[in-house]
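Please read the structure below before turning to the comments.
Listed below in structure tokens is the structure:
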């Protein structure tokens, strides 16, 4: 554990990292094939409002993207808050010395070729750590794709992705995976708060970022892709406290023998025992997932869904097969597709078509339309043995009164149908959110996409994201998300 | 087992079902909310070339979609090859008698409310079976979403989906899931051959369709979604023979206790023991999958990928994290992320950047560009301890000579970049296919989508599908597909 002074210094350094007023890009280039151009291009294109100083000892152009290039750190008119370093690995020690001489306190070392390649790289990494330590410089990386903070219009990273400001922070030990996670969030119409590609963690490590993110009230959910912890005990102690305030979703890679070997050569990480980690995560309230989709899907569910009190799921489905697949997925994840009490069956019986299946999943195929769907969901929500509902199939639940506007003399008015469906989708999710709030239980929705082209899909995604929720694409995803909510809920209950 | 005469009659009946010259739609309606309109609309909109006879004893319109409506089967000017029945369940027995009187030999009963609802529905089902048997009528369903055969321009089904002609046939016990599978194929730019939503299997059952599809040379891969077998032993005996000619991919739902209960109320299916089925599938060469994505992903891989001789995988990745996740996924699926022999490491060493990881996955991050990627893949393909390659990351492998056309004075020409990337993608997959053919080993590709909008994504998908292959979206999907190829390969090897 760190002392209070150390913690304060750490937090102050990380605030500077994510909210700099000025920035030096060392190794800046005018060649679009080079990282020294691409990252600078993302910083400029992302609309960074602070001062930007490209630095290159042997510049390929006097100006890059309209910015004056400096040959030496010493020439800069001020001490920049952070330095982003993309020079070749052998030149990094000297750059770190220049940063120290200039008085820089925070850096991002993008350059690769350090401990992850062993031998000489390992020595080079020790060298830059020693220089930074003696100068009081804290740094990200090396072997990092960079950092972003959309709330600060800061996109100092390799992938040309610009998620809008949002409630999710990412701690990723892989650069390309921070790109994947950002993309998955953008596709679902969500944005990010502070995100960091942590690289080899030679100085700043996952535990440091977690400590900072834990205290940041802008951040609602923390997403982690980790290949190996630098200080697993500290991580879990921090996680225990953080999980009392906000969820941490963890994809721990390198879990298998083959994965562990790959992780070692990727970020020099030593993977621990999977089973031990699993037990420790449960103790610390960390929600473990196995795929990148589950990481993002589960994170979004935490935004507004109430936590289920137990593992008992009610399923309302517009298609029988989807219901069976959801029940299978729930069962495999240890959820209980609960037997509905006779009085609930009777209540459903009062309005469902004669041929309904009288069980859980409640299969609404060809029966009753939208009102029946919402009534069935409310009856399950009210039922004391149901801890939350999975709803499958969006289209039949859209308000026919709204939908009718898109019909004229039994012909679909193609010009209106898109607009009407987007509106009706918004109305539906408002109603589902109301039910969630009223009964303090989650409603998780999965559905076939409503297929009217990509631009339309984007509008639907936004209408749903505006309600702080999401529509999953497959029944097994809804089950995985429900299981994630249960896992976190069990921790919170036990902590109370 | 059926006798030869029975088999011949069955095959002849199923040929009529999927290639009718004329069709009666009994229960046709002019109301877009009704199934009797929607299915007819799909048949007409799908471009069916045969004669179509809407029938309704109490029609809501003298014409539907420009077709004359008949009140009675007896009034039809000919005996239609097939009858599609969508009248309410209580009316189905009389319709079946009318079909018998008219001389109809093949029917599709879309109507639900039979054995899946128990009690009276079960009796009603027995009644229509008895009528059909005594009249020599074979029928699909009841509780079916219909059938399609794009090679015959026949789209006699509920979902408004029109997959083009293609090599995949679907046998699905769920109507909504046949829709999902079709959509997933369409999204990947693939089409279908004969597909059937089998419903309650009161007469024709999964085994019958399998027997027919086994002999149909247009069909290259058979995709099955099954909740319960009517005659599991016959299915597996047929599968044993079919698997010698073409792969069967099976998603068996209702595997868990909760799923089995749901399946019973969905299609009156009794699920068997999961472990027993697993063993039997292995004996019969049936490839089992757990999700709808895996069902479709695995099916497409069989189109042109050579079967791997063993479980040893080489991975070439453009991103370290993706490599770790792929290695984890392979390991979990029992694949061997094989240690590369020293001579292979040396050969890679001759052109890889100094900092490369010297292991499997071969991580090409920031190293060498396209030529290095293709050389690395070829070296792994040639290596005798590697049975196939997983390649991760598309963009860095596109031909820079082609890509350069989209650059002008270091500025991207936005008007050309899409076209150039589509072309370069096609060239890349041609080269990967060449490598596959030359070394008789599969190359499975997964990549972040190249993000330039949906219309562009469509063109990329088509460029790849034109080469009979596919690009998966996540590393674990590539691993699952490789495992599916191995499973089938082991059966074929043991049968030789």
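Residue numbers (the numbering used here), protein chains in the order written: chain A, 246 to 741; chain B, 246 to 741. Glycine included, every Cβ here is placed at the ideal spot set by N, Cα and C.
Reference residue 306 of chain B, options B:293, B:529 and B:277, closest by Cα
Position 61 of the second chain, counted from the first residue, corresponds to residue 306 of chain B. Distance from the Cα of residue 306 of chain B is smallest, within the candidate group B:293, B:529 and B:277, for B:277.
What are the start and end residues of each continuous beta strand (DSSP E) run of 3 or more residues lying completely inside the region 651-718 of chain A, in chain order?
688-691
Reduced DSSP category for residue 443 of chain B - H, G, I as helix; E, B as strand; rest coil:
The residue labelled residue 443 of chain B in the question sits at position 198 within the second chain. DSSP places residue 443 of chain B in coil when its eight states are reduced to three.
With 7 Å as the threshold, decide whether the Cβ of residue 721 of chain B is near any Cβ in chain A.
Along the second chain, one-based indexing puts residue 721 of chain B at 476. Yes - at least one Cβ of chain A is within 7 Å of the one on residue 721 of chain B.
So residue 288 of chain A packs on residue 268 of chain A, CB below 8 Å; how close in whole Å?
Residue 288 of chain A sits at position 43 when you count from the first residue of the first chain. Residue 268 of chain A sits at position 23 when you count from the first residue of the first chain. Going by Cβ atoms, the distance from residue 288 of chain A to residue 268 of chain A rounds to 7 Å, so yes, they are a contact pair.
Which class does residue 489 of chain A belong to by DSSP, given the choice of helix, strand or coil?
Counting from one through the first chain, the residue named residue 489 of chain A turns up at place 244. Three-state result, residue 489 of chain A: coil.
Can you give me the Cβ contacts of residue 246 of chain B inside the same chain, cut-off strictly under 6 Å, excluding the 5 residues immediately before and after it?
Here residue 246 of chain B corresponds to residue number 1 of the second chain, with the count starting at 1. For residue 246 of chain B, the pLDDT reaches just 47, beneath the cut-off of 50, and the residue's location in the model is therefore unreliable, although a value from the coordinates is still provided. Excluding positions up to five away in sequence, the list is empty.
Considering only the alpha carbon of each residue, which of A:475, A:343 and A:436 lies closest to residue 453 of chain A?
In the first chain, residue 453 of chain A corresponds to position 208, counting from 1. The shortest C-alpha to C-alpha distance from residue 453 of chain A to any of A:475, A:343 and A:436 is the one to A:475.
Counting C-beta neighbours from all protein chains within 10 Å, is the total for residue 685 of chain B 16 or more, i.e. buried, or is it exposed?
By one-based count along the second chain, residue 685 of chain B stands at place 440. It counts as exposed.
Residue 540 of chain B CB to nearest chain A CB: under 7 Å?
Reading the second chain from its first residue, position 295 is the one you call residue 540 of chain B. With 7 Å as the cut-off, residue 540 of chain B does not count as an interface residue toward chain A.
So, does the region 355-368 of chain B touch the region 382-390 of chain B, judging by three or more C-beta pairs under 8 Å?
yes
Can you tell me whether residue 594 of chain B is buried or exposed? The criterion is at least 16 other CB atoms within 10 Å of its CB, across all chains shown.
Along the second chain, one-based indexing puts residue 594 of chain B at 349. That one is exposed.
Could you work out which residues of chain A lie near residue 569 of chain B, taking near to mean beta carbons separated by less than 8 Å?
Taking the second chain and counting its residues from 1, the one referred to as residue 569 of chain B is at position 324. By Cβ distance, chain A contributes 419, 472, 498, 499, 504, 507, 508 and 511.
What did DSSP end up calling residue 346 of chain B once you bin it into helix, strand or coil?
Here residue 346 of chain B refers to the residue found at position 101 of the second chain. Note: residue 346 of chain B maps to helix in three-state DSSP.
Pick from B:577, B:524 and B:298 that is closest to residue 736 of chain B, judged by C-alpha positions
Your numbering for residue 736 of chain B matches position 491 in the second chain. Closest by alpha carbon: B:524.
Proximity to residue 356 of chain B [Cα-Cα], best of B:346, B:341, B:350 and B:348
Residue numbering aside, residue 356 of chain B sits at position 111 when the second chain is read from its first letter. If we check each option's Cα against that of residue 356 of chain B, B:341 comes out closest.
Cβ neighbours of residue 692 of chain A in the same chain (closer than 6 Å, five flanking residues each side left out):
Position 447 of the first chain, counted from the start, is the residue given in the question as residue 692 of chain A. So the list reads 638, 639 and 716, once near-sequence residues are dropped.
What is the rounded straight-line gap between the Cα of residue 331 of chain B and the Cα of residue 256 of chain B?
One-based indexing of the second chain puts residue 331 of chain B at position 86. One-based indexing of the second chain puts residue 256 of chain B at position 11. Approximately 25 Å between the Cα atoms of the pair.
Residue 723 of chain B, enclosing alpha helix (DSSP H) - first and last residue:
The residue given as residue 723 of chain B occupies position 478 in the second chain. First-last of the alpha helix (DSSP H) with residue 723 of chain B: 720-740.
Let me make sure I understand the geometry here. Which of A:501, A:631 and A:590 has the alpha-carbon closest to that of residue 573 of chain B?
Sequence index remark: in the second chain, residue 573 of chain B carries index 328 (1-based). Ranking the options by Cα distance to residue 573 of chain B, first place goes to A:501.
With DSSP collapsed to three states, give me the class of residue 402 of chain A.
What you label residue 402 of chain A is simply residue 157 of the first chain in a count that begins at 1. Here residue 402 of chain A sits in strand by DSSP.
Since residue 271 of chain A and residue 300 of chain A should fall inside the 8 Å C-beta cutoff, what is the C-beta to C-beta distance between them, to a whole number of angstroms?
In the first chain, counting from the first residue as 1, residue 271 of chain A sits at position 26. In the first chain, counting from the first residue as 1, residue 300 of chain A sits at position 55. Confirmed, Cβ separation roughly 5 Å.
With H, G and I counted as helix, E and B as strand and the rest as coil, what does DSSP make of residue 246 of chain A?
As a position in the first chain, residue 246 of chain A is number 1, starting the count at 1. With a pLDDT of only 47 at residue 246 of chain A, under the threshold of 50, the placement of this residue in the model should not be trusted, and no figure is reported.
Please report the distance separating the alpha-carbon of residue 469 of chain A from that of residue 383 of chain B.
For the purposes of this step, residue 469 of chain A is identified with residue 224 of the first chain, where counting begins at 1. For the purposes of this step, residue 383 of chain B is identified with residue 138 of the second chain, where counting begins at 1. Each residue's alpha carbon lies about 57 Å from the other.
So is residue 699 of chain A in contact with chain B if we call contact Cβ pairs under 7 Å?
Taking the first chain and counting its residues from 1, the one referred to as residue 699 of chain A is at position 454. It does: the Cβ of residue 699 of chain A has a partner Cβ on chain B nearer than 7 Å.
What distance in whole Å lies between the Cβ atoms of residue 345 of chain B and residue 328 of chain B, which are believed to be in contact at a cut-off of 8 Å?
In the second chain, the residue the question calls residue 328 of chain B occupies position 83. In the second chain, the residue the question calls residue 345 of chain B occupies position 100. In fact, because the Cβ distance is near 10 Å, the residues do not count as touching under 8 Å.
Output the distance between the C-alpha atoms of residue 303 of chain A and residue 320 of chain A, rounded to the nearest integer angstrom.
Along the first chain, read from residue 1 onward, the residue named residue 303 of chain A stands at position 58. Along the first chain, read from residue 1 onward, the residue named residue 320 of chain A stands at position 75. C-alpha separation (whole angstroms): 14 Å.
What do you reckon, are the CB atoms on residue 471 of chain B and residue 497 of chain B nearer than 7 Å?
Residue numbering aside, residue 471 of chain B sits at position 226 when the second chain is read from its first letter. Residue numbering aside, residue 497 of chain B sits at position 252 when the second chain is read from its first letter. Their beta carbons are under 7 Å apart, which means residue 471 of chain B touches residue 497 of chain B by this criterion.
Sub-7 Å separation of residue 213 of chain B and residue 708 of chain B beta-carbons:
No statement about residue 213 of chain B is possible, as the shown extent of chain B runs from 246 to 741 and does not include it.
Given residue 589 of chain A, which residues of its chain have a CB within under 8 Å of its CB, disregarding the five upstream and five downstream residues?
What you label residue 589 of chain A is simply residue 344 of the first chain in a count that begins at 1. Counting only Cβ-Cβ distances below 8 Å, and skipping sequence neighbours, we find 624, 625 and 628.
According to DSSP, is residue 544 of chain B helix, strand or coil?
In the second chain, counting from the first residue as 1, residue 544 of chain B sits at position 299. Of the three classes helix, strand and coil, the one that applies to residue 544 of chain B here is helix, per DSSP.
Measure the alpha-carbon distance for residue 642 of chain B versus residue 673 of chain B and round it to whole angstroms.
In the second chain, residue 642 of chain B corresponds to position 397, counting from 1. In the second chain, residue 673 of chain B corresponds to position 428, counting from 1. For residue 642 of chain B and residue 673 of chain B, the distance between alpha carbons rounds to 7 Å.
Who pairs with residue 270 of chain A in a beta bridge, going by DSSP?
As a working mapping, residue 270 of chain A is identified with position 25 in the first chain. For residue 270 of chain A, DSSP records a beta bridge to A:299 and A:329.
Applying a beta-carbon distance threshold of less than 9 Å, which residues of chain A neighbour residue 543 of chain B?
For the purposes of this step, residue 543 of chain B is taken as residue 298 along the second chain, with counting starting at 1. The premise fails here: residue 543 of chain B is roughly 16 Å from chain A at the closest Cβ pair, so nothing lies under 9 Å.
Same chain, Cβ closer than 8 Å to residue 675 of chain A, five either side skipped, listed in chain order
Residue numbering aside, residue 675 of chain A sits at position 430 when the first chain is read from its first letter. These residues qualify, in order along the chain: 712.
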